[in-house]
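Chemist:
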Amino acid sequence: ICYSNSVSLKSIVPVTTRSFTFTPTDSLIYIVCYNNVPLHPFEATVVGGGIGTTTPPTTIVLTSYTGKLIVNCDAYCD
Numbered sequence: 101i102c103y104s105n106s107v108s109l110k111s112i113v114p115v116t117t118r119s120f121t122f123t124p125t126d127s128l129i130y131i132v133c134y135n136n137v138p139l140h141p142f143e144a145t146v147v148g149g150g151i152g153t154t155t156p157p158t159t160i161v162l163t164s165y166t167g168k169l170i171v172n173c174d175a176y177c178d
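Note that the working numbering numbers the sequence shown so that position 14 is 114, with each residue one more than the last.
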């Protein structure tokens, strides 16, 4: 794992969005975002960078429509 981040937010508005940016130390081969809360699904979008890149920085945008955003993301590099 070359990068890991967790988000746990509770909001008064139903749409909650957070993003984080990282620069992989080596070629990025896999990104997984998950949670164990079936009542609070989320969407994850990779913006910029991505699989196979070391530059530019990779940004992951997380969105929930339930007012709670509970997500763990791990990135794997070569």
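For each residue, glycine too, the CB sits at the ideal point set by N, CA and C.
Bear in mind that the values here come from a model prediction, so they are computed numbers and not experimental data.
In its own chain, which residues sit with a C-beta less than 6 Å from the C-beta of threonine 123, not counting the 5 before and 5 after it?
Modeler: By 1-based counting over the sequence shown, the position of residue 123 is 23. Pro157.
Chemist: By Cβ distance, which residues of its chain are closer than 7 Å to tyrosine 165, with the 5 residues on each side in sequence left out?
Modeler: Here residue 165 is taken as the residue at index 65 of the sequence shown, counted from 1. Excluding positions up to five away in sequence, the list reads Pro114 and Val115.
Chemist: Threonine 117 to tyrosine 134, Cα distance in whole Å?
Modeler: Looking up residue 117 in the sequence shown gives position 17. Looking up residue 134 in the sequence shown gives position 34. Near 15 Å, if we compare the C-alpha coordinates of tyrosine 134 and threonine 117.
Chemist: So which of Ile131, Val132, Gly167 and Ile129 has the shortest CA-CA distance to leucine 139?
Modeler: For the purposes of this step, residue 139 is identified with residue 39 of the sequence shown, where counting begins at 1. When each option's Cα is compared against that of leucine 139, the closest is Gly167.
Chemist: Can you tell me which of the three DSSP states aspartate 178 falls into?
Modeler: Here the question's residue 178 lines up with position 78 in the sequence shown. Residue state, collapsed to three classes: coil.
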